[in-house]
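Using my numbering, the letters of the sequence shown correspond one by one to residues 581 to 879. Here a beta-carbon is modelled for each residue, glycine too, at the ideal position from N, C-alpha and C.
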Amino acid sequence: MRAVVFGGSGFLGSHVADVLTQRGHAVRIYDRCPSPYLQTGQEMMVGDLLDEAAVRRAVTDCEIVYHFAGIADINEANQRPVETVRQNILGTTMLLEACRRTGVRRVLYASTVYVHSLAGGFYRCSKQACELYLEAFQQVHGLPYTILRYGSLYGPRADATNAVHRYLTQALLEGKIDSLGDGEEIREYIHVEDAARHSVEALATEFENQYVLITGHQPMTVKALLEMIQEMLNKKLTITFQGPDALVHYRRSPYTFQPKIAKKLVGKHYLDLGQGLLACLNEMHERQRISAALAEELK
């Protein structure tokens with residue numbers, strides 16, 4: 581099949597593009613920056629997610645669309661909420677519209693386990709919104725989807741926005757590690773190559789219009805991870821925890837989201853439905869009377 585990977589120059593997207601190529605699929609990469617990992621046979625298209633015409637060209641003749649583009653860093657999303665809406669929500673909606681108009685067979689969307697939690701700020705909000713848009717495009721326009729909810733990734737091609745990459749870099753270069761939280765947060769770390777492989781396996785028919793959770797097999801506290809790094813380097817590290825950050829990051833890998841229950845406000849005084857409808861009809865009749873009178877004056 582022919583697949584296009586939006587955000588295919590980045591950390592996870594580039595690995596997914598590699599697995600697709602290895603399995604014999606024709607791969608096109610669409611990103612704002614040329615991929616430094618481009619393989620022989622892969623096609624590179626440079627463009628913006630908000631460029632409607634360019635996005636339409638990118639998905640043309642493609643059966644499968646992987647969507648990793650947008651703002652993926654929680655701190656950046658919290659600092660730039662409007663741009664997060666523009667890139668993550670509007671950009672995704674424009675991409676879905678292009679997909680349904682060009683006959684794409686399925687969209688595989690990179691979401692996050694943060695959608696199950698109350699943490700993650702504007703990043704989580706944008707992912708929750710996009711999941712709803714994917715569902716609605718399937719219900720209204722028949723566009724199939726698979727939503728991939730990723731946990732904590734690590735591995736090659738990561739940058740400073742990746743927690744494990746930061747820990748390793750600090751440990752190697754500075755002999756210390758600074759971490760948000762208190763160290764008791766539980767994560768299920770998964771290597772990016774495993775995540776990429778699972779992402780391609782999700783092309784199976786059984787995952788159409790489904791949510792897929794992609795996390796590691798071994799729950800581990802952040803403190804235990806940092807101690808493991810220290811042991812592997814065989815040197816004493818200065819490990820500092822900077823206190824709780826529950827509004828930004830979850831404490832334990834969340835799997836079920838419980839929305840806040842709304843309180844119903846019932847007033848003592850209210851307009852009866854019949855009276856309300858009658859008032860609406862009277863208003864409409866009055867507008868018709870006024871319109872007719874004005875029309876008569878203009879004759």
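task: Evaluate the contact criterion for the stretch 695-715 versus the stretch 768-783: three or more CB pairs, one atom per stretch, below 8 angstroms.
output: Taking 8 angstroms as the limit for Cβ pairs, the verdict is that the stretch 768-783 does not touch the stretch 695-715.
field: Assigned secondary structure, LYS848 (DSSP; H/G/I helix, E/B strand, else coil)
entry: In the structure shown, the three-state DSSP call for LYS848 is coil.
message: Give me the residue from LEU817, PRO616 and GLN619 with the minimum Cα distance to SER757.
response: Looking at the sequence provided, one finds Ile at residue 757 rather than Ser. It is LEU817.
message: Restricting to runs no shorter than 3 residues, where is the beta strand (DSSP E) found entirely within the stretch 785-819?
response: Note on the stretch 785-819: whole beta strand (DSSP E) runs with a minimum of 3 residues are 790-794, in chain order.
Where HIS553 sits in the DSSP three-state scheme: This structure leaves residue 553 out entirely; the chain is present only between 581 and 879.
- prompt: CA-CA distance, LEU805 and ARG637?
  reply: Cα to Cα, LEU805 sits roughly 44 angstroms from ARG637.
query: Buried or exposed: LEU728, going by 16 or more other Cβ atoms within 10 Å of its Cβ?
result: Buried, by the Cβ-count rule.
message: Short of 8 angstroms in beta carbon distance, which residues of its chain neighbour ASP628, apart from the five on each side in sequence? Order them along the chain.
response: Spatial neighbours of ASP628 in its own chain (CB-CB distance under 8 angstroms, excluding positions within 5 residues in sequence) are listed in chain order as ARG612 and ALA634.
message: Let's see if you can read the secondary structure: which residues bound the alpha helix (DSSP H) around VAL780?
response: First-last of the alpha helix (DSSP H) with VAL780: 772-781.
task: Mind the definition here: the stretch 667-681 touches the stretch 743-754 only if three or more C-beta pairs lie below 8 angstroms; say whether that holds.
output: In this structure the stretch 667-681 does not touch the stretch 743-754; the number of beta carbon pairs closer than 8 angstroms is below three.
message: Please give the ranges of any beta strand (DSSP E) in the stretch 665-693, keeping only runs that are unbroken, at least 3 residues long and fully inside the region.
response: List check, beta strand (DSSP E) in window: 686-692.
task: Specify the secondary structure class of ALA740 as computed by DSSP and reduced to three states.
output: DSSP places ALA740 in coil when its eight states are reduced to three.
- prompt: So, ILE630 versus ALA775, is the Cβ gap smaller than 8 angstroms?
  reply: Correcting the residue type first, residue 630 is Leu in the shown sequence and not Ile. Not in contact: LEU630 and ALA775 (Cβ atoms no closer than 8 angstroms).
- prompt: How would you label ALA583, buried or exposed, when you count the other beta carbons within 10 angstroms and need 16 or more for buried?
  reply: Buried: at least 16 other Cβ atoms inside 10 Å.
- request: Indicate the three-state DSSP secondary structure (helix, strand or coil) for ASP598 in the structure shown.
  value: Judged by DSSP in its simplified three-state form, ASP598 adopts helix.
Buried versus exposed, by CB contacts within 10 Å (16 or more), GLU765: Counting of Cβ neighbours within 10 angstroms places GLU765 among the buried residues, the total reaching 16 or more.
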